[in-house]
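As structure tokens, the structure follows; a few thoughts come after it.
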Amino acid sequence: MYRPTPGRSDPFAGLGAGGETSLLSVPGHRSGTTDQVALWWLPPSNPAAPTLFYLHGTFRNLYRNYPKIEALHDAGFGVLAVEYRGWGDSTPIIPSEKTIIADAEAAWPELTRRQPDPRKRVIYGHSLGGAVAIDLASRRHGGVDYGALIVESTFPSLVDLAGSSAGPLGPLALWLSGERFDSLSKIGRIDAPILMLHGDHDNTVPIALGRKLRDAAPPGVRWVEIAGGTHSRLHTDAPEAYRNALESLIGSLSAAP
Numbered sequence: 021m022y023r024p025t026p027g028r029s030d031p032f033a034g035l036g037a038g039g040e041t042s043l044l045s046v047p048g049h050r051s052g053t054t055d056q057v058a059l060w061w062l063p064p065s066n067p068a069a070p071t072l073f074y075l076h077g078t079f080r081n082l083y084r085n086y087p088k089i090e091a092l093h094d095a096g097f098g099v100l101a102v103e104y105r106g107w108g109d110s111t112p113i114i115p116s117e118k119t120i121i122a123d124a125e126a127a128w129p130e131l132t133r134r135q136p137d138p139r140k141r142v143i144y145g146h147s148l149g150g151a152v153a154i155d156l157a158s159r160r161h162g163g164v165d166y167g168a169l170i171v172e173s174t175f176p177s178l179v180d181l182a183g184s185s186a187g188p189l190g191p192l193a194l195w196l197s198g199e200r201f202d203s204l205s206k207i208g209r210i211d212a213p214i215l216m217l218h219g220d221h222d223n224t225v226p227i228a229l230g231r232k233l234r235d236a237a238p239p240g241v242r243w244v245e246i247a248g249g250t251h252s253r254l255h256t257d258a259p260e261a262y263r264n265a266l267e268s269l270i271g272s273l274s275a276a277p
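With the sequence shown counted from 1, adding 20 to any position gets you my numbering.
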């Protein structure tokens with residue numbers, strides 16, 4: 021279902037100065053075994069800057085996500101990026117909603133170590149990663165565990181997404197699979213600032229689904245709709261608007277008492 025991409029799919033020059041990779045040991049998908057979850061760390065140029073907990077979507081592993089990671093880092097964030105099992109350098113498995121969420125949970129303590137100030141921890145997710153980010157944030161408290169949530173090109177639930185792309189049989193097949201990623205039922209529990217970005221030319225997650233998720237969010241959500249924006253390249257489709265939205269959030273977090 022998630023079409024994971026293990027290994028290194030593209031030429032990669034490395035994370036640059038100060039960047040590092042590591043492997044986190046987690047309980048194995050088979051009883052009595054241990055798996056590995058890869059983490060990438062890009063420290064901020066300003067030590068006082070917020071740190072982004074980066075959760076990627078399906079199809080592309082972190083290697084292919086690097087241009088977006090770099091755009092977020094260039095905007096001023098430190099970035100801790102999580103590679104779910106099944107993708108990239110993590111243990112190759114057939115992933116599920118359960119394993120993906122477990123991998124994000126397992127990596128969370130590393131974020132708290134890298135960024136001790138909870139008000140400067142930002143949970144970020146793109147596409148499927150947005151659903152992971154919403155799940156993670158819905159079980160934590162703003163100001164106590166993290167400072168803000170960013171979701172980009174994200175859907176209300178897998179059922180909604182299947183209905184928009186696979187016809188009437190899509191939701192039925194999905195219900196039978198047991199996979200949900202039901203962000204619609206969770207986003208109302210978020211008690212921290214939310215930034216949502218979506219392109220109106222997104223052919224993977226139609227803009228109507230992004231608006232549906234926005235409308236279910238608590239009052240005060242900041243919605244940035246990118247004219248001509250596509251699913252995975254908002255950072256290059258409208259770089260100024262993209263960066264301005266991120267810098268505005270960074271400024272609000274940095275100004276917090």
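Even for Gly, the Cβ is constructed at its ideal location relative to N, Cα and C.
Since the structure is predicted, the reported quantities are computational estimates derived from the model, not experimental observations.
What three-state label does DSSP hand alanine 124 in the structure shown? Helix, per DSSP.
For serine 205, does the count of other Cβ atoms within 10 angstroms reach 16, so buried, or fall short, so exposed? Classification for serine 205: exposed.
Got a sec? Which residues, its chain only, sit under 6 Å from threonine 224 by beta carbon, not counting five neighbours each side? Around threonine 224: His251.
Alpha carbon to alpha carbon, what distance is there between arginine 234 and tyrosine 104? A straight-line Cα-Cα distance of about 26 Å links tyrosine 104 and arginine 234.
Judging by CA-CA distance, which residue of Asp202, Leu254 and Leu44 is the nearest neighbour of tryptophan 128? Scanning Asp202, Leu254 and Leu44 for the CA closest to the CA of tryptophan 128 turns up Leu44.
DSSP three-state call for isoleucine 143: helix, strand or coil? It is a strand residue.
Would you please state the rounded distance, in angstroms, between the beta carbons of glycine 150 and threonine 174? I believe it to be under 8 Å. Sure, about 3 Å apart at Cβ, within 8 Å.
For lysine 140, is the classification buried or exposed, using 16 other Cβ atoms within 10 angstroms of its Cβ as the cut-off for buried? Per the 10 Å Cβ criterion, buried.
For phenylalanine 79, the nearest candidate out of Val171, Pro26, Arg160 and Leu269 (CA to CA): Among Val171, Pro26, Arg160 and Leu269, the Cα nearest to that of phenylalanine 79 is on Pro26.
What are the boundary residues of the alpha helix (DSSP H) that includes aspartate 155? Taken as a continuous stretch (DSSP letters only), the alpha helix (DSSP H) holding aspartate 155 covers 148-158.
Keeping to the same chain, check which residues put their C-beta closer than 8 Å to that of glycine 108; ignore five residues upstream and five downstream. The beta carbon of glycine 108 sits closer than 8 Å to those of Thr25, Pro26, Gly27, Arg28, Ala58, Asn81, Leu82 and Tyr83, all from its chain and outside the five residues before and after it, given in chain order.
On the DSSP bridge list, what partners appear for proline 168? Position check: residue 168 holds alanine in this sequence, whereas proline was assumed. Secondary-structure assignment with DSSP links alanine 168 through a beta bridge to Val142.
Reference glutamate 172; option with closest CA among Asp180, Asp165 and Asp220: When Asp180, Asp165 and Asp220 are compared, the shortest CA-CA separation from glutamate 172 is found for Asp220.
Three-state class that DSSP yields for threonine 111 in the structure shown: Residue state, collapsed to three classes: coil.
Is it buried or exposed, isoleucine 143, if we count other Cβ atoms within 10 angstroms and call 16 or more buried? Buried, since its Cβ has 16 or more Cβ neighbours within 10 Å.
Inside the region 220-260 only - beta strand (DSSP E) runs reaching at least 3 residues: Those beta strand (DSSP E) runs which fall completely within the region 220-260 and span 3+ residues are 242-246.
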